[in-house]
Amino acid sequence: MMVETLQQLLPGFLIPLFNGLMQLGQDTFGSAWPDIVTLVWTVVKAMLVLAPLLGVVAYATYGERKVIGWIQIRLGPNRVGPLGLFQPVADGVKVLLKEIVIPTRADKAVYFLAPAFSFAPALIAWAVIPFNDFLVLANINASLLFVMSVTSISVYGIMLGGWAPDSKYAFLGAMRSAAQMISYEIPMGLALVVVLMVSNSLNLVDIVEAQGRGWFAGMGIKFLSWNWLPLLPVFVVYLTSVFAEANRAPFDLTEGESEIIGFHVEYSGMAFAVFQLAEYTAMLMGCALVSLLFLGGWLSPVSFLPDSILWFLVKTFGVLVLFYWVRATFPRYRYDQVMRLGWKVFIPVCLVWLAVVACWMLSPLNIWK
Amino acid sequence: MADIQNYSINFGPQHPAAHGVLRMVLELDGEVVVRADPHIGMLHRATEKLAETKTWIQALPYMDRLDYMSMVCNEHAYCRAIERMLGIEVPVRAQYIRVLFDEITRILNHLMFIGSHGLDVGAMTMMLYACREREDLMDCYEAVSGTRWHAAYYRPGGVYRDLPDGMPQYKESKWKNGAKLKKFNEARSGTFLDFLQDFVARFPKLLDDYETLLTDNRIWKQRLVDVGIVPPERALQLGFSGPMLRGSGFAWDLRKKQPYAVYDRLDFDIPVGRTGDCYDRYLVRMNEMRQSNRILQQCIDWLRANPGPVLSDNHKVAPPRRADMKSNMEGLIHHFKLCSEGVHVPEGQVYSAVEHPKGEFGVYVISDGANKPYRLKIRSSGYAHLSAMGEMARGHMIADVVALMGTIDIVFGEIDR
Numbered sequence: 087m088m089v090e091t092l093q094q095l096l097p098g099f100l101i102p103l104f105n106g107l108m109q110l111g112q113d114t115f116g117s118a119w120p121d122i123v124t125l126v127w128t129v130v131k132a133m134l135v136l137a138p139l140l141g142v143v144a145y146a147t148y149g150e151r152k153v154i155g156w157i158q159i160r161l162g163p164n165r166v167g168p169l170g171l172f173q174p175v176a177d178g179v180k181v182l183l184k185e186i187v188i189p190t191r192a193d194k195a196v197y198f199l200a201p202a203f204s205f206a207p208a209l210i211a212w213a214v215i216p217f218n219d220f221l222v223l224a225n226i227n228a229s230l231l232f233v234m235s236v237t238s239i240s241v242y243g244i245m246l247g248g249w250a251p252d253s254k255y256a257f258l259g260a261m262r263s264a265a266q267m268i269s270y271e272i273p274m275g276l277a278l279v280v281v282l283m284v285s286n287s288l289n290l291v292d293i294v295e296a297q298g299r300g301w302f303a304g305m306g307i308k309f310l311s312w313n314w315l316p317l318l319p320v321f322v323v324y325l326t327s328v329f330a331e332a333n334r335a336p337f338d339l340t341e342g343e344s345e346i347i348g349f350h351v352e353y354s355g356m357a358f359a360v361f362q363l364a365e366y367t368a369m370l371m372g373c374a375l376v377s378l379l380f381l382g383g384w385l386s387p388v389s390f391l392p393d394s395i396l397w398f399l400v401k402t403f404g405v406l407v408l409f410y411w412v413r414a415t416f417p418r419y420r421y422d423q424v425m426r427l428g429w430k431v432f433i434p435v436c437l438v439w440l441a442v443v444a445c446w447m448l449s450p451l452n453i454w455k
Numbered sequence: 017m018a019d020i021q022n023y024s025i026n027f028g029p030q031h032p033a034a035h036g037v038l039r040m041v042l043e044l045d046g047e048v049v050v051r052a053d054p055h056i057g058m059l060h061r062a063t064e065k066l067a068e069t070k071t072w073i074q075a076l077p078y079m080d081r082l083d084y085m086s087m088v089c090n091e092h093a094y095c096r097a098i099e100r101m102l103g104i105e106v107p108v109r110a111q112y113i114r115v116l117f118d119e120i121t122r123i124l125n126h127l128m129f130i131g132s133h134g135l136d137v138g139a140m141t142m143m144l145y146a147c148r149e150r151e152d153l154m155d156c157y158e159a160v161s162g163t164r165w166h167a168a169y170y171r172p173g174g175v176y177r178d179l180p181d182g183m184p185q186y187k188e189s190k191w192k193n194g195a196k197l198k199k200f201n202e203a204r205s206g207t208f209l210d211f212l213q214d215f216v217a218r219f220p221k222l223l224d225d226y227e228t229l230l231t232d233n234r235i236w237k238q239r240l241v242d243v244g245i246v247p248p249e250r251a252l253q254l255g256f257s258g259p260m261l262r263g264s265g266f267a268w269d270l271r272k273k274q275p276y277a278v279y280d281r282l283d284f285d286i287p288v289g290r291t292g293d294c295y296d297r298y299l300v301r302m303n304e305m306r307q308s309n310r311i312l313q314q315c316i317d318w319l320r321a322n323p324g325p326v327l328s329d330n331h332k333v334a335p336p337r338r339a340d341m342k343s344n345m346e347g348l349i350h351h352f353k354l355c356s357e358g359v360h361v362p363e364g365q366v367y368s369a370v371e372h373p374k375g376e377f378g379v380y381v382i383s384d385g386a387n388k389p390y391r392l393k394i395r396s397s398g399y400a401h402l403s404a405m406g407e408m409a410r411g412h413m414i415a416d417v418v419a420l421m422g423t424i425d426i427v428f429g430e431i432d433r
């Protein structure tokens with residue numbers, strides 16, 4: 087499969103070279119060669135997703151500082167490079183060169199495992215995110231389920247990070263985040279059940295495609311057919327839960343820099359930076375999911391414009407800017423208020439809308455046929 | 017079954033929300049505060065003792081450094097104490113200027129309050145908006161005293177000098193040039209009073225902006241309403257004053273109840289709260305800024321119409337004019353005596369209090385007739401407010417402790433002295 091794809095994609099003068107390479111491999115490795123090719127190709131594909139992703143994550147920090155800077159009548163980073171564009175690079179160099187101070191009583195193995203535990207799931211989940219109808223690393227059937235299960239592992243990173251350094255502040259942060267992330271996974275899951283019902287699939291590509299069909303789509307105003315409008319309450323719940331799940335303001339109690347400083351208070355240097363990278367990766371992940379599940383992914387909003395990966399990027403970054411905007415605007419919730427919102431408001435709303443949508447689908451007014 | 021014990025954590029002195037150097041030992045049951053025990057003394061600079069070794073005038077700049085968020089109000093209490101012991105009259109214009117600067121300081125302090133309170137509760141942007149307005153007001157400080165913070169502008173017998181005729185202008189730079197520079201300098205082209213008039217005209221609109229951002233914000237209300245309730249009787253018992261007392265619904269304001277300077281000639285209201293929670297105290301302070309703005313407007317109008325002296329002509333207390341000193345024997349002697357020996361304050365004791373942005377700020381001085389105080393005692397409002405911390409925080413969560421610190425509006429300079 088990969089061989090044919092490459093033969094199509096490569097420029098003409100490289101094809102003889104490529105064929106020669108394949109022949110050489112076949113001669114050297116014999117029957118193991120197809121497996122090796124698959125392995126290498128998978129790694130290359132993964133790199134093609136990861137490398138740009140990490141770049142985007144680095145510049146998401148820059149974007150956040152600029153956007154919040156404008157909101158707060160500041161300039162934002164403007165010293166390193168033109169418009170401060172090299173600031174993320176400078177930050178990266180700085181954290182790499184900094185010493186990682188390990189608290190004396192820390193459990194060292196767990197201490198270093200924790201950042202990895204929070205970063206890895208955030209990256210793995212990107213394997214199933216489709217950028218358009220064919221650009222997807224692994225187009226598996228239950229990709230929605232995969233995303234849910236993988237992202238919920240990241241809570242371990244935070245819990246271990248809070249537990250390992252044997253600090254009361256970090257531990258408080260870890261406790262908060264464990265409760266918060268688990269609580270908000272329930273409304274999130276329920277919201278996804280509704281999406282799953284109307285699109286009749288767990289596959290993200292199918293979910294997006296299903297949003298391109300409908301009464302409004304037939305009239306050419308496709309953006310009214312996307313899930314956000316018929317599932318508006320669920321959309322709001324999901325969007326808010328994404329904020330909570332990514333530990334972003336106004337639900338950033340895990341960090342709560344004015345109260346408990348955060349689960350990563352005992353981390354420094356690169357170990358700390360990995361937690362930050364994980365947070366931003368998870369946040370981007372949330373934005374991508376919102377745009378896929380509710381905002382029609384790569385579908386264009388009106389029928390006279392073509393569908394394109396650009397739409398997906400525009401929607402994702404649009405939601406990302408919303409994240410920044412909210413952070414600059416709202417105060418932080420208190421721990422018990424976050425819990426109350428999750429359990430007493432979001433879960434009932436989701437359950438009610440689940441029932442409403444189920445009845446709607448059974449009624450003759452069903453719009454998702 | 018294992019015994020579940022409460023645990024205690026050290027909140028500060030190195031904590032991003034500790035407002036300076038507050039150290040608080042919190043005993044926690046989960047996230048709920050069982051006991052909050054504030055420890056003080058980490059910013060102790062022995063101001064009271066130092067004042068005993070300095071002449072009366074030399075001790076004046078220490079007052080700025082007490083509550084470093086409301087600088088000249090502290091000076092006002094100190095100068096009034098000396099003036100009362102000396103029994104001298106302060107020119108009316110000087111009193112108006114003092115009121116003007118007291119109110120500028122009140123706005124400065126309350127802006128800092130909503131900024132840092134916002135920051136504590138997580139509304140980061142408020143701080144930067146507040147600092148934008150503080151910038152203009154600190155420019156006022158700079159224009160009259162040469163420094164943006166520790167002004168040392170008041171003197172026994174008046175103020176150091178009259179309001180200036182011009183404001184410093186922005187110079188051309190990479191960030192401010194062309195039309196932008198012109199816009200920035202537009203308000204600064206006239207006199208000091210023109211500049212302040214421009215601010216007074218703009219300020220209510222800006223306050224409305226802040227209210228949009230915070231007052232009706234659901235999260236802001238959830239974080240502040242019913243947190244740290246102090247009933248009015250209890251507030252009196254705890255020795256509260258200022259917005260903390262008024263937030264509990266007690267209309268006590270020294271500017272009205274024991275008018276000093278020219279407050280009895282000015283028209284303003286005292287905002288009071290109803291329930292005595294953090295939200296009421298926030299509203300009281302927001303309203304106080306509007307009232308201060310009204311007072312500023314009245315002072316500007318009066319000061320425009322009434323030129324006159326700003327320092328007492330009693331040269332045993334206030335230095336003579338420079339020209340007199342150069343040409344006049346008596347002036348030279350006065351100048352020399354004042355600058356070497358300082359003022360001799362007659363024997364006696366006096367307590368003078370002003371309505372400081374945070375509450376009642378009092379200076380109690382005992383003089384033995386020498387050129388320096390025999391004893392100086394400072395009554396700071398923050399000390400009484402902080403000592404109620406344990407009572408207010410009990411039963412609330414950690415995040416509320418931070419909100420409470422914001423609402424008390426602690427500045428350690430005045431608590432530790």
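Chains as they are written, first to last, in our numbering: chain F, 87 to 455; chain H, 17 to 433.
Every residue gets a Cβ at the ideal spot worked out from N, C-alpha and C, and that includes glycine.
A quick note: this is a predicted structure, and the numbers were derived from the prediction, not measured.
Counting only runs of 4 or more residues that sit fully inside the segment 277-342 of chain H, the alpha helix (DSSP H) segments are 294-321, in chain order. Within chain F, no C-beta atom comes less than 9 Å from the C-beta of Asn201(H); the nearest is roughly 18 Å away.
When DSSP states are grouped into helix, strand and coil, Arg218(H) belongs to the helix group. Secondary structure at Lys374(H): coil, using DSSP grouped into helix, strand and coil. In the three-state reduction of the DSSP assignment, Met283(F) falls in the helix class, which pools H, G and I. For Val366(H) against Arg100(H), the beta-carbon gap comes to about 5 Å, under 8 Å, which counts as contact. Taking a cut-off of 8 Å on C-beta distances, the segment 55-70 of chain H does not touch the segment 126-141 of chain H, as fewer than three cross pairs fall below it. With 16 or more neighbouring CB atoms inside 10 Å of its own CB, Lys152(F) falls in the buried class. Put simply, the CB of Ala414(F) is near chain H, with a gap under 7 Å to one of its CB atoms. Collapsing the DSSP output to three states places Ile382(H) in a strand. At the C-beta level, Trp439(F) and Gly382(F) stay beyond 7 Å of one another. Residues of chain H whose Cβ lies closer than 7 Å to the Cβ of Arg418(F) are, in chain order, Val137, Gly138.
According to the DSSP assignment, Met40(H) belongs to no alpha helix (DSSP H) but to the beta strand (DSSP E) extending over 39-45.
Uninterrupted alpha helix (DSSP H) stretches at least 4 residues long and entirely within the segment 268-313 of chain F occur at 290-297, 301-305, given in chain order. Spanning the alpha carbons of Gly300(F) and Leu315(F) requires a straight line of approximately 12 Å.
Nearest neighbour of Leu370(F) by Cα position, chosen from Met108(F), Ala146(F), Gln112(F), Gly116(F), turns out to be Ala146(F). Here Thr190(F) is exposed. Its C-beta has fewer than 16 other C-beta atoms within 10 Å. Taking 9 Å as the cut-off between beta carbons, the residues of the segment 246-264 of chain F near chain H are Lys254, Tyr255, Leu258, Met261, Arg262, in sequence order. At a cut-off of 7 Å between beta-carbon atoms, Ser235(F) makes no contact with chain H. Within the same chain, Cβ atoms closer than 8 Å to the Cβ of Leu161(F) are found at Gly155, the five residues on either side in sequence being excluded.
Selection Leu319(H), Gly173(H), Pro259(H), Gly265(H) evaluated against Ala400(H) yields Pro259(H) as nearest (Cα-Cα). Taking 8 Å as the Cβ-Cβ cut-off, the segment 420-436 of chain F approaches chain H at Arg420, Tyr421, Asp422, Gln423, given in chain order.
DSSP places Asn387(H) in the coil class of the three-state scheme, outside both helix and strand.
By the Cβ-count criterion, Ala267(H) is exposed, with fewer than 16 other Cβ atoms from all chains shown falling within 10 Å of its own Cβ. Listed by position along chain H, the residues whose Cβ is nearer than 9 Å to that of Gln158(F) are Met140, Thr141, Met143, Leu144, Tyr145.
Within 9 Å of the CB of Ala335(F), the CB atoms of chain H belong to Gly138, Met140, in sequence order along the chain. C-alpha of Asn22(H) to C-alpha of His412(H): approximately 15 Å in a straight line. The beta carbons of Ser257(H) and Ser403(H) sit no closer together than 7 Å. Here DSSP, grouped into helix, strand and coil, assigns Asn26(H) to strand. For His412(H), no beta strand (DSSP E) encloses it, and the DSSP letter there is neither H nor E.
Straight across, the Cα-Cα distance linking Phe409(F) with Arg334(F) is about 8 Å.
Distance from Leu212(H) to Leu312(H) at the Cβ level is roughly 7 Å; contact confirmed, criterion being Cβ atoms closer than 8 Å. Rounded to the nearest whole angstrom, the CA to CA distance from Lys388(H) to Ala168(H) is 18 Å. Take Leu385(F), set aside five residues on each side of it, and the residues of its chain with a beta-carbon closer than 7 Å to its own are Val294, Gln297, Gly298, Lys308, Asp393, Trp397, in chain order. Of Ala264(F), Asn289(F), Gln173(F), Pro319(F), the smallest CA-CA separation from Phe232(F) is found for Asn289(F).
Buried is the label assigned to Trp212(F), since at least 16 other Cβ atoms lie within 10 Å of its Cβ.
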